[in-house]
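Here the first sequence is numbered in the UniProt record's numbering, starting from 1 and rising by one per residue.
All C-beta atoms, glycine included, are put in the ideal place defined by N, C-alpha and C.
Working notes, structure below.
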Amino acid sequence: MNIPAKYNAITVEEKWYSYWMENNYFHSEPDEREAYTIVIPPPNVTGVLHMGHMLNNTIQDVLIRRKRMQGYNACWVPGTDHASIATEAKVVAKLKEQGIKKSDLTREQFIEHAWEWTHKHGGLILEQLKKLGASCDWDRTKFTMDEDLNRSVVKIFKDLHAKGLIYKGYRMVNWDPEAKTTLSDEEVIYMEKPGKLYYLNYAIEGSDDFVQIATTRPETILGDTAICVHPEDKRFTHLKGKKAIVPIVGRAIPIIEDPYVDMEFGTGSLKITPAHDPNDKLIGEKHQLEVIDIFNDDATLNAYGLHYEGKDRFVVRKEIVAELKDKGILVKSEDYTHKVGTSERTKAVIEPKISEQWFLKMEDLVKPAIDAVLNTGEVQLVPHKFVNTYRHWMENIRDWNISRQLYWGHRIPAYYYGQGTNDYVVAETKEEALVLARQKTGQDDLNEKDIRQDEDSLDTWFSSWLWPISVFDGINDPENKDFKYYYPTNDLVTGPDILFFWVARMIIAGYEFTGDKPFHHVYLTGLVRDKQRRKMSKSLGNSPDPIELMNTYGADGVRAGILMSSAAGNDLLFDENLMLQGRNFANKIWNGFRLVKGWEVSEDSEQPKSAKVAIAWYRAQFEKTLAFTEEQFEQYRLSDALTAIYKLVWEDFSSWFLEMVKPEFGQPIDKNTYEATVGFFENNIKILHPFMPFITEEIWQYFNERSPEEALIISAYPKTKGFDELILEEFEMIKEVISAVRNLRKEKNISFKESLELYFVKKEEINPDFFDLIGKMCNVSKVEEVKQKLENALTFRVGSNEFFIPFSQKIDVEAETVKLQEELAYHKGFLASVQKKLSNERFVNNAPEQVILNERKKEADALAKIAMVEKSLASF
RNA sequence: GGGUCAUUAACUCAGUUGGUUCAGAGUGUUACCUUGACAGGGUAGAAGUCACUGGUUCGAAUCCAGUAUGACCCACCA
1 MNIPAKYNAI TVEEKWYSYW MENNYFHSEP DEREAYTIVI PPPNVTGVLH MGHMLNNTIQ
61 DVLIRRKRMQ GYNACWVPGT DHASIATEAK VVAKLKEQGI KKSDLTREQF IEHAWEWTHK
121 HGGLILEQLK KLGASCDWDR TKFTMDEDLN RSVVKIFKDL HAKGLIYKGY RMVNWDPEAK
181 TTLSDEEVIY MEKPGKLYYL NYAIEGSDDF VQIATTRPET ILGDTAICVH PEDKRFTHLK
241 GKKAIVPIVG RAIPIIEDPY VDMEFGTGSL KITPAHDPND KLIGEKHQLE VIDIFNDDAT
301 LNAYGLHYEG KDRFVVRKEI VAELKDKGIL VKSEDYTHKV GTSERTKAVI EPKISEQWFL
361 KMEDLVKPAI DAVLNTGEVQ LVPHKFVNTY RHWMENIRDW NISRQLYWGH RIPAYYYGQG
421 TNDYVVAETK EEALVLARQK TGQDDLNEKD IRQDEDSLDT WFSSWLWPIS VFDGINDPEN
481 KDFKYYYPTN DLVTGPDILF FWVARMIIAG YEFTGDKPFH HVYLTGLVRD KQRRKMSKSL
541 GNSPDPIELM NTYGADGVRA GILMSSAAGN DLLFDENLML QGRNFANKIW NGFRLVKGWE
601 VSEDSEQPKS AKVAIAWYRA QFEKTLAFTE EQFEQYRLSD ALTAIYKLVW EDFSSWFLEM
661 VKPEFGQPID KNTYEATVGF FENNIKILHP FMPFITEEIW QYFNERSPEE ALIISAYPKT
721 KGFDELILEE FEMIKEVISA VRNLRKEKNI SFKESLELYF VKKEEINPDF FDLIGKMCNV
781 SKVEEVKQKL ENALTFRVGS NEFFIPFSQK IDVEAETVKL QEELAYHKGF LASVQKKLSN
841 ERFVNNAPEQ VILNERKKEA DALAKIAMVE KSLASF
């Protein structure tokens, strides 16, 4: 036979993925079976696979494959997200390389470039998922900018607008000067950054007096429109009603009072710049202050910046500090660490900016979504600990800024017919808009030229929050058969980092637009970190290339490795050793297969007793493990399920069972044992298939010719049957006997080839059915009970039974004595602790009866063992 | 500032309603083994005051309170 000793993953994996694709096993159509559905968290269309994807898609594939084998109609819908800001930023960068500025292009031209980019780089990540073995229904692949998804988004916008939930507001928003767009609050990451707190003196109008303020942003003094102090702050009562002069600008601004000011902080007086700070804006509104915006869209200063006009805000900060210092206005500066908002995508420092944007009212929308997670349990978060985070966010939710000043994305379906900011209608098409506009204005002579669509596009998440609905076209056509069959979906697998961005909003959308949950369970994976516990990120360069990993360790190896140590919700410290472990496991299975496949089967040789009992034992062991993994799956503890199977296959099956039934070298194996072994092997690879699909399919098909209908991927997953607990217990004792004999051989340097005899004095039951097996495993020619201990023999004790191996050489009495004394000391110590417990009246009175009985049994056992050891000692 | 979670062997982690000698696994490490499936393997061993301090209990790694350290999430303090 020429099966290679080393399992070659690469060729095998390609072969079976193609086979699965050719036979259409991944595709799902509604039928009479129960559906099991997962929608993929759509990765960025132009993204590449990283370790986070590996983890989370492996989990999805495990769930899907298992359910498919269990007879569900499993459907895993793949797709990608247009990722407006990220993709637009990439396109802008690429155009810049070619010397083209975004502002040189029309919207249409830019979008053309973006599509070109998308087609060129898009979808690569889905190809990479295939290498991982992802059994997605590729016929259902969706993109968040697909035409039908666009129609869904527009419809939803229109619907929410009609309900009065979408409105335009002139508000302070998060401005990303790099991408020149607003961001939602969730897209702003606050980072600790070292800065300085500058103390400045503002002169008081018409006097020599001054008021001192502290600021971290001296460049914004150009937009100051007030100084604010606490009304009860006695230090400033003399300034009441006076005006201060803004340095450099020379503008006189009022000194106002507001309890917002913290008297303890800084100098106790605060400069107010309503255009550039959310709090200042609130105070400004309250006191009806002038709003002076000093920035352009790219965060350079505008005309209000005077001689700083056209310079960047950070350049200006430096220069203005120098100028203030020269003029004696800067009193001092202190080092000060504070949190600075940055853009999640571009990393640019966010500029709070007042502008007119579209908002979605969240207050009422969140109610059913809160209820579903907190009260009814219709949607369950796994692990449960995320419920609190979810609740907190939901209960403190603010209106969602859904407009973005980007070209790439779903354009806001609002059409203006006049110059006023509210002279618009919301419509699905321009034609419809015209009709609506005519109705609204009563001007029948309006035509298409008079109508222009809003320039903004929608936040990416405004399309992805519909994902579980829109991939089945449930918005446009709620009665369609796919939607009715697959929705609501079952499980969602994603990272906790997008719990708010995506998961929460999908739950909101589900209830609002379908009246039902979008999914039942949300499995939140941990983050993949490097060995120094840092998040894996491109900028740190600490993320290994998943493709390289799969080439080195095989997709199965990587899948197993990454799952082996990743409990739900716990971060995973990436270590290549895990992948190595996964690969070695694949090799172990492979070699077990080689062994079994190499056996010659004899029709007429009889089944040895040892094999018979081995089969009975392994059957029970398998069933026990299967039952355990079922429990683990119930709780989404995939890692524990896999570890259990790993041990079953490596230890129980390979190290024990195969050794137990292995025929003598050169001898054939009897048919019954062979068939049982192959049956066990096949069951092993069935329950392993969801985790390691490729090698299992390879072995499955190698064992026997299989038609496409008999492929492992669609074979029936074993069902739990219950098992014989007793045989498992009995075998534990046998195991101990076997390893004790092996140890003695080693200690005394007795070759395995030298046959031994084993005798024992029985104090507790030992099942004689196993004796042949002991014989085979230890090369012992007979196992026999005797009434009393043997002289001149090696001894050991298992349970309360004492074993003897007659030994021709001289027994080292001293060494034996030492060994026995150690055992004695151990048992005595144990006895003491048990007796201490039992002599404690309160224990005896309070503990449950079963516990006390256990203790009594322990006491009796210990006493028996002590007696036995003492007797042995006495005989020396 | 508020919240959540963690702290168990050198490392990464289990320990599922408090009760068997319950202190575990994998990796690493040590010693031995070219045994006919597998050195990507086998056998055996060493290794921990379960972060700390109290409390509850007959009994605590497990429950409670506090402390320390770390991680993450949320929040408009110049």
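Given residue i as reference, the closest of the options once Cα atoms are compared
{"i": "H542", "options": "T514, K517 and E576", "result": "Here the sequence assigns Asn to residue 542, which means His is not the residue at that position. Of the candidates T514, K517 and E576, the one whose C-alpha sits nearest the C-alpha of N542 is E576."}
{"i": "A793", "options": "N396, D812 and V246", "result": "D812"}
{"i": "P194", "options": "Q821, V340 and V173", "result": "V340"}
{"i": "L873", "options": "V528, Q821 and A644", "result": "Q821"}
{"i": "T225", "options": "A252, F236 and G169", "result": "A252"}
{"i": "L563", "options": "L549, D545, F723 and G582", "result": "G582"}
{"i": "N672", "options": "L744, V737 and W599", "result": "W599"}
{"i": "P259", "options": "D312, P693, L282 and N591", "result": "L282"}
{"i": "N570", "options": "R529, L149 and W175", "result": "R529"}
{"i": "G554", "options": "D146, M579, R398 and S565", "result": "M579"}
{"i": "L853", "options": "A509, E309 and Q835", "result": "Q835"}
{"i": "F157", "options": "W465, E784 and K67", "result": "W465"}
{"i": "L549", "options": "P43, Y19 and M54", "result": "M54"}
{"i": "G486", "options": "Y7, A35 and I10", "result": "Before going on, a small fix: residue 486 reads as Tyr here, not Gly. With distances taken between Cα atoms, Y486 lies closest to A35."}
{"i": "A862", "options": "F876, V851, L838 and G829", "result": "G829"}
For residue i, the three-state DSSP class (helix, strand or coil)
{"i": "E634", "result": "helix"}
{"i": "T215", "result": "strand"}
{"i": "L324", "result": "helix"}
{"i": "Q788", "result": "coil"}
{"i": "R797", "result": "strand"}
{"i": "D423", "result": "coil"}
{"i": "F291", "result": "Just to set this straight, residue 291 is Val in the shown sequence, not Phe. Three-state result, V291: coil."}
{"i": "R404", "result": "strand"}
{"i": "W76", "result": "strand"}
{"i": "R171", "result": "strand"}
{"i": "G515", "result": "coil"}
{"i": "I714", "result": "helix"}
{"i": "E479", "result": "coil"}
{"i": "C778", "result": "helix"}
Test item: CB-CB of residue i and residue j under 8 Å
{"i": "V379", "j": "V522", "result": "yes"}
{"i": "I695", "j": "D604", "result": "no"}
{"i": "V373", "j": "L381", "result": "yes"}
{"i": "V48", "j": "Q109", "result": "no"}
{"i": "L165", "j": "L360", "result": "yes"}
{"i": "K686", "j": "S715", "result": "yes"}
{"i": "T273", "j": "T220", "result": "yes"}
{"i": "V77", "j": "A114", "result": "no"}
{"i": "P718", "j": "N749", "result": "no"}
{"i": "S343", "j": "E187", "result": "yes"}
{"i": "L406", "j": "I85", "result": "yes"}
{"i": "K168", "j": "E428", "result": "no"}
{"i": "V761", "j": "K789", "result": "yes"}
{"i": "T629", "j": "A641", "result": "yes"}
{"i": "K624", "j": "F723", "result": "yes"}
Distance between beta carbons of residue j and residue i, contact taken as under 8 Å
{"i": "T346", "j": "A89", "result": "6 Å"}
{"i": "A275", "j": "I292", "result": "6 Å"}
{"i": "L758", "j": "I699", "result": "The pair is not a contact, with the Cβ atoms about 37 Å apart (cut-off 8 Å)."}
{"i": "D670", "j": "S610", "result": "With a Cβ gap of about 11 Å, D670 and S610 do not count as contacting."}
{"i": "K865", "j": "R797", "result": "7 Å"}
{"i": "R438", "j": "Y416", "result": "About 14 Å; that fails the 8 Å criterion."}
{"i": "S333", "j": "L197", "result": "7 Å"}
Cβ pair count under 8 Å reaching 3, the segment 614-629 against the segment 659-674: Result yes; three or more Cβ-Cβ pairs closer than 8 Å.
The segment 262-270 in contact with the segment 206-217 per 3-pair CB rule at 8 Å: By the Cβ test, the segment 262-270 is in contact with the segment 206-217, since at least three Cβ pairs between them sit closer than 8 Å.
Cβ pair count under 8 Å reaching 3, the segment 87-102 against the segment 52-67: Taking 8 Å as the limit for Cβ pairs, the verdict is that the segment 52-67 does not touch the segment 87-102.
Contact the segment 420-434 vs the segment 474-484: 3+ CB pairs below 8 Å: The segment 474-484 and the segment 420-434 do not touch, with fewer than three beta-carbon pairs separated by less than 8 Å.
Three-pair Cβ contact test at 8 Å for the segment 199-207 versus the segment 234-246: They touch, by the three-pair rule.
The segment 122-140 contacting the segment 18-34, beta-carbon criterion three pairs below 8 Å: Two segments are said to touch when three or more pairs of C-beta atoms, one from each, lie closer than 8 Å; by this definition the segment 122-140 touches the segment 18-34.
Inter-stretch contact (C-beta, 8 Å, three-pair minimum) for the segment 348-363 and the segment 292-308: In short, these stretches touch, since the Cβ pair count reaches three.
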